[in-house]
Each structure stands twice: as C-alpha cells, then as structure tokens.
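Contents: one structure, followed by commentary.
Number of protein chains: 4
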Amino acid sequence: MELRAYQRRVNYYETDQMAIVHHSNYIRWFEEARLDFLDQAGLNYRKLEETGLIVPVVDVSCRYHVSAKYDDLLDIYAHLIAFNGVRMDYRYEVRFHDSGVLAADGTSSHCFLDEHRRPVILKRRDPVLFAKLSALVEKK
Amino acid sequence: MELRAYQRRVNYYETDQMAIVHHSNYIRWFEEARLDFLDQAGLNYRKLEETGLIVPVVDVSCRYHVSAKYDDLLDIYAHLIAFNGVRMDYRYEVRFHDSGVLAADGTSSHCFLDEHRRPVILKRRDPVLFAKLSALVEKK
Amino acid sequence: MELRAYQRRVNYYETDQMAIVHHSNYIRWFEEARLDFLDQAGLNYRKLEETGLIVPVVDVSCRYHVSAKYDDLLDIYAHLIAFNGVRMDYRYEVRFHDSGVLAADGTSSHCFLDEHRRPVILKRRDPVLFAKLSALVEKK
Amino acid sequence: MELRAYQRRVNYYETDQMAIVHHSNYIRWFEEARLDFLDQAGLNYRKLEETGLIVPVVDVSCRYHVSAKYDDLLDIYAHLIAFNGVRMDYRYEVRFHDSGVLAADGTSSHCFLDEHRRPVILKRRDPVLFAKLSALVEKK
Numbered sequence: 000m001e002l003r004a005y006q007r008r009v010n011y012y013e014t015d016q017m018a019i020v021h022h023s024n025y026i027r028w029f030e031e032a033r034l035d036f037l038d039q040a041g042l043n044y045r046k047l048e049e050t051g052l053i054v055p056v057v058d059v060s061c062r063y064h065v066s067a068k069y070d071d072l073l074d075i076y077a078h079l080i081a082f083n084g085v086r087m088d089y090r091y092e093v094r095f096h097d098s099g100v101l102a103a104d105g106t107s108s109h110c111f112l113d114e115h116r117r118p119v120i121l122k123r124r125d126p127v128l129f130a131k132l133s134a135l136v137e138k139k
Numbered sequence: 000m001e002l003r004a005y006q007r008r009v010n011y012y013e014t015d016q017m018a019i020v021h022h023s024n025y026i027r028w029f030e031e032a033r034l035d036f037l038d039q040a041g042l043n044y045r046k047l048e049e050t051g052l053i054v055p056v057v058d059v060s061c062r063y064h065v066s067a068k069y070d071d072l073l074d075i076y077a078h079l080i081a082f083n084g085v086r087m088d089y090r091y092e093v094r095f096h097d098s099g100v101l102a103a104d105g106t107s108s109h110c111f112l113d114e115h116r117r118p119v120i121l122k123r124r125d126p127v128l129f130a131k132l133s134a135l136v137e138k139k
Numbered sequence: 000m001e002l003r004a005y006q007r008r009v010n011y012y013e014t015d016q017m018a019i020v021h022h023s024n025y026i027r028w029f030e031e032a033r034l035d036f037l038d039q040a041g042l043n044y045r046k047l048e049e050t051g052l053i054v055p056v057v058d059v060s061c062r063y064h065v066s067a068k069y070d071d072l073l074d075i076y077a078h079l080i081a082f083n084g085v086r087m088d089y090r091y092e093v094r095f096h097d098s099g100v101l102a103a104d105g106t107s108s109h110c111f112l113d114e115h116r117r118p119v120i121l122k123r124r125d126p127v128l129f130a131k132l133s134a135l136v137e138k139k
Numbered sequence: 000m001e002l003r004a005y006q007r008r009v010n011y012y013e014t015d016q017m018a019i020v021h022h023s024n025y026i027r028w029f030e031e032a033r034l035d036f037l038d039q040a041g042l043n044y045r046k047l048e049e050t051g052l053i054v055p056v057v058d059v060s061c062r063y064h065v066s067a068k069y070d071d072l073l074d075i076y077a078h079l080i081a082f083n084g085v086r087m088d089y090r091y092e093v094r095f096h097d098s099g100v101l102a103a104d105g106t107s108s109h110c111f112l113d114e115h116r117r118p119v120i121l122k123r124r125d126p127v128l129f130a131k132l133s134a135l136v137e138k139k
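Chains as they are written, first to last, in numbering that gives the first Met the number 0: chain A, 0 to 139; chain B, 0 to 139; chain C, 0 to 139; chain D, 0 to 139.
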C-alpha cells in the first residue's frame with residue numbers, strides 16, 4: 000500500500016524572530032503526518048482513543064537541515080519502521096514540495112496505554128488493530 | 000485583598016518573524032495571569048477541575064499598544080470585574096515591568112460547566128466557591 | 000469575486016485537557032484564513048513583506064459558540080469589512096464543515112508599517128495594493 | 000560556577016486531551032532553560048543576537064519518563080556538555096520540583112551563523128564569547 004505524503008503550508012505564527020520556523024514546530028508536524036498516515040491506513044486516531052486506548056510519545060528526535068520559512072509548501076513523510084505490539088517506531092522526512100530538498104528528518108517512539116494509563120499488550124487487547132499495524136511496518 | 004501582578008518573561012519561541020511577540024500569545028498570557036490570580040486567592044484551578052467543574056472561555060478580546068519583544072519582563076494584571084454565578088468577566092493589562100508602559104489590554108468571559116458539560120448554577124452547586132468569587136469582584 | 004472558505008482540520012496538539020481546542024488557537028486560525036484570503040486575491044503576504052511592509056494586528060476578538068475537537072474539519076471564512084488605507088478590519092466565522100454550525104466568530108484590525116516600523120499611508124506608498132484591497136472590501 | 004535550575008510551572012494551554020503536557024512543549028522548555036543558563040552566565044541571548052550572531056538548533060531529542068501535568072512545578076537543568084567554537088551541545092533534565100523525579104531528559108546541538116546566515120568561526124569573530132562558552136562546558 001502506497002500512502003501519499005502529508006502536505007502542509009507553513010503558518011506565519013510558526014516562525015520566530017530568526018524569520019524561520021521555530022524548531023519545536025517540526026515535532027508537531029511529525030504528529031500531524033503520523034496521524035494522517037494512520038488515517039489513510041484506516042486507523043483514525045480519534046476513533047482509536049474512543050476505544051479507551053492512548054498512544055503517548057516515549058521519545059522524539061529531529062535533525063534540521065534547511066530551514067523552512069513562512070508560506071513554504073512541505074511534504075511530510077511518516078514511515079512506520081518498527082512495531083511489536085508494545086512499542087511503535089516512526090521515521091519522518093520533511094521535504095520542500097517544489098524542490099524535494101530535505102528540510103529535516105526525525106524519529107518518534109510510542110507505547111500503548113489503556114484507560115487507567117497502564118501498558119497494554121495490543122495483540123491481546125485488540126488483535127485487529129495489532130494485525131493492521133503489523134501490516135503497515137515498512138520493509139527495509 | 001491586594002494581589003500581586005503575574006510576572007512573566009517573554010520566551011524566544013513566542014516571537015514571530017516581525018521580531019515581536021505573536022499576538023496570539025497574549026491570549027495565553029491572560030490565561031496564565033487569570034489562573035495565577037485565582038491561585039493567589041486560594042482558588043487553585045487544578046483543584047477546582049478535580050471537583051468536576053470546568054470553566055471554559057466564552058469570549059476573549061485584546062488590543063495591542065506597544066509590541067513586547069523577546070526577553071522583555073512583563074507584569075500582567077488580571078481583574079475580576081463581574082460575576083453572577085453563571086458568568087465571570089475579567090479585564091487584563093500587560094505592562095512592561097521596567098517602564099510600566101501598557102503593552103496590551105483585553106478581556107475574557109467564562110461560564111461554568113459540570114462533568115457532563117452542562118451549565119452550572121454555581122450558587123447551588125458550590126456555595127463556598129460562589130462566595131469566594133463574589134468577594135473577589137473588583138469595586139469600581 | 001467569490002472566495003472559497005479556508006479548510007482546516009483540528010490538530011491533536013491544539014487540544015487541551017478539557018478535550019476541546021484551546022481557545023487561543025482560533026486566533027491563529029483567523030490569521031491562517033486571512034492570509035489565505037489575501038493569497039486567493041493575488042496578495043501573497045510573504046511577497047508583501049518582501050516589499051518592506053508589515054501588517055501587524057491592532058486588536059482581535061473571538062466569541063466561542065460550540066467547541067471544536069481534535070480531527071474536526073472546519074471551514075473558516077475571512078471577510079474584509081473595512082479598509083481606509085491606514086487601517087483594515089476583518090470579520091471571521093469558523094464553521095463545522097459537515098453541519099455548517101458556527102463554532103466561533105471574531106474580528107481583527109490591522110495597520111500598515113514600513114521597514115522602520117512607522118505608519119504608512121498605503122495610497123501613497125503602494126497605490127496598486129491600495130486599489131486591490133479597496134476592491135476586496137465586502138459590500139453590506 | 001554553580002548555576003541554579005530554571006523553575007517553571009506548567010501552563011494550562013500546554014496540556015492536550017490526554018490531560019498531560021503535549022510532548023512538543025518540552026522542546027520549548029529546553030530552549031527556556033538554555034537561554035536562562037546563558038543569561039545566568041552573563042551571556043544574554045538577546046544581546047548576543049544584537050551583535051549579529053544567531054545560534055540555530057541543529058538537532059534536538061527528548062525522552063519522556065513521567066508525564067508532567069497542568070500546574071506542576073518543574074526544575075529544568077541545562078548542561079553545556081561540548082563546545083568547539085563551531086558547534087555547541089546541551090543536555091537537559093526536567094524534574095518535578097517536589098519529588099526530584101525525572102520527567103524527561105534530552106539534548107540539543109547548535110551552530111553559529113552571522114548576519115548573512117553563514118557559519119561563523121567563533122574563536123575569530125568573538126574571542127571573548129568563545130572563552131566564556133569554553134569555560135561553561137561541564138567537566139565529566
């Protein structure tokens with residue numbers, strides 16, 4: 000299954016006085032791209048939370064290559080690179096839409112918690128979701 | 000009862016490419032100052048929410064006079080100007096700490112909802128809170 | 000000239016612990032919709048700033064009617080309601096895309112400053128821009 | 000020289016609908032703590048930018064251990080762990096003020112650019128700043 004990139008124009012309020020995007024916003028864009036990726040794959044995160052699950056972030060990283068500026072159009076790619084039912088790892092690329100040049104790349108890892116904020120064995124709790132996520136993991 | 004101003008230094012990430020604070024942040028500072036004001040008065044909002052109440056914003060306004068910049072030290076004043084048990088109105092002033100000059104001023108109004116997001120008659124639900132808030136309303 | 004609404008899905012990071020969008024974000028959405036409106040009209044704000052002009056916010060207001068939630072699809076309408084070459088006033092509506100129900104509405108006013116942050120008489124400095132903005136003002 | 004921790008209370012607008020701080024805000028807190036650390040050491044970043052230098056972020060990372068919540072009081076520690084005049088590396092710890100428990104830790108790296116956004120050899124451009132930063136690097 001080939002998923003499309005998440006497309007995003009830079010907002011004015013995302014810039015800082017260096018006249019570039021403040022670096023914290025890329026972490027937010029990773030989230031936007033990740034949730035769009037899941038949505039494209041039929042796993043809407045809003046519905047997922049309505050079943051009582053939450054999927055918090057365990058760690059995150061970003062490397063900045065070329066600064067994005069206000070009004071730039073970006074393509075953000077989220078790749079699910081590992082999933083074992085307990086933990087889920089993503090890799091991201093932020094590219095300028097016009098040139099394809101890499102603006103930034105990064106990673107995030109996530110766990111699964113239930114309504115009492117306790118770790119979940121996804122294979123047992125939701126085998127269908129487990130199978131869907133397993134199928135989305137990118138082959139090397 | 001004389002409450003102290005809420006003191007706040009401008010963060011770098013609150014600036015935009017005009018090299019001034021993005022105007023949306025003043026709305027967030029109003030919230031910081033309002034919750035600090037309530038906390039000083041013995042009405043910690045975290046504890047208040049733990050009783051099942053929430054106090055959402057009904058409207059907000061801000062006028063910008065002199066732009067605040069990164070690293071500026073600000074005094075933010077929150078005044079409770081009206082309260083009738085159903086609705087609560089605040090007025091704010093943001094002043095430069097060193098000069099006392101007015102950077103911005105504004106208003107916000109709030110209602111009270113219960114755990115089912117239904118409007119609350121505060122006088123009936125929590126007469127102690129009702130009395131405390133009534134006593135905080137500023138005399139003209 | 001009929002301009003299309005600015006369409007916007009609510010991001011997860013725009014929610015707060017009331018499980019609704021934090022009210023400060025609507026002020027940011029107004030900006031997104033306003034700059035999209037100008038862009039549709041051939042007045043790209045990035046290019047406008049490159050001529051040395053900036054258009055800061057003088058005041059802003061918002062009334063909240065129905066809370067937007069994560070993943071909601073919104074239509075945001077920006078209307079230029081007044082412009083005299085020195086000041087420019089907008090009115091906004093945020094509507095749920097599916098139902099058309101009004102989530103929030105508001106206003107903003109703006110002035111024009113040059114590269115030295117001095118007020119600009121737009122009719123003199125940039126008559127073409129002055130004419131274009133004049134033509135965009137909504138008839139009552 | 001012993002620097003004090005940067006103290007910070009969690010703002011309401013920094014929470015998300017999981018009722019914890021949104022993870023992107025820790026990246027912003029790292030910035031607050033880093034600029035406070037430099038300020039304590041007599042290197043005010045506002046003044047530094049006024050000399051024409053900017054110090055953008057090259058990469059950033061954060062690991063989340065225990066979720067911070069609205070109204071929590073945090074101690075944020077910024078440690079300068081490496082500096083060679085071209086690049087500067089920091090390590091951060093976010094701890095709950097009351098318990099000392101680690102909420103999150105992370106890193107950031109930075110470079111130095113001049114007014115034309117070109118890399119700077121700090122030892123040549125500003126030997127005094129170079130010496131001050133060198134002296135701040137933490138011994139292992």
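For each residue, glycine too, the CB sits at the ideal point set by N, CA and C.
Tell me residue i's beta-bridge partners as DSSP assigns them.
i	result
Ile75(A)	Tyr5(A), Val93(A)
Arg86(D)	Cys110(D)
Thr14(D)	Val20(D)
Ala81(B)	Asp88(B)
Asp101(D)	The sequence shown places Leu at residue 101(D), not Asp. Leu101(D) is bridged to Arg94(D).
Pro118(C)	Leu112(C)
Ile53(B)	Leu112(B)
Taking the beta strand (DSSP E) that residue i falls in, what are its first and last residues?
i	result
Val127(A)	From DSSP, Val127(A) is part of no beta strand (DSSP E) but of the alpha helix (DSSP H) over 126 to 135.
If you run the structure through DSSP and keep just helix, strand and coil, what is residue i?
i	result
Arg62(D)	strand
Ala67(D)	coil
Ala32(B)	helix
So, for residue i: in the same chain, excluding its five sequence neighbours on each side, which residues have a beta-carbon less than 8 angstroms away from its beta-carbon?
i	result
Phe82(B)	Asp88, Leu132, Ser133, Leu135, Val136
Pro118(B)	Val85, Cys110, Phe111, Leu112
Asp38(D)	Tyr44
Ala40(D)	Met0, Leu2, Lys131, Leu135
Thr14(D)	Val20, His21, Lys68, Tyr69
Arg33(D)	Ala77, Tyr89, Tyr91, Ser107
What is the residue span of the alpha helix (DSSP H) that residue i lies within?
i	result
Arg45(C)	44 to 49
Which residues in the same chain have their Cβ closer than 7 angstroms to the Cβ of residue i, if we skip the five residues on either side of it in sequence?
i	result
Asn10(C)	none
Asp70(B)	Arg8, Val9
His78(B)	Tyr89, Arg90, Glu137
Ala103(D)	Tyr25, Cys61, Arg62, Tyr63, His64, Val93
Ile53(C)	Leu112
Arg116(B)	none
Ser66(B)	Ile19, Val20
Leaving out five residues before and five after residue i in sequence, what residues of the same chain have Cβ atoms less than 6 angstroms from its Cβ?
i	result
Pro55(B)	none
Leu72(A)	Arg8, His96
Lys122(A)	Gly84, Phe129
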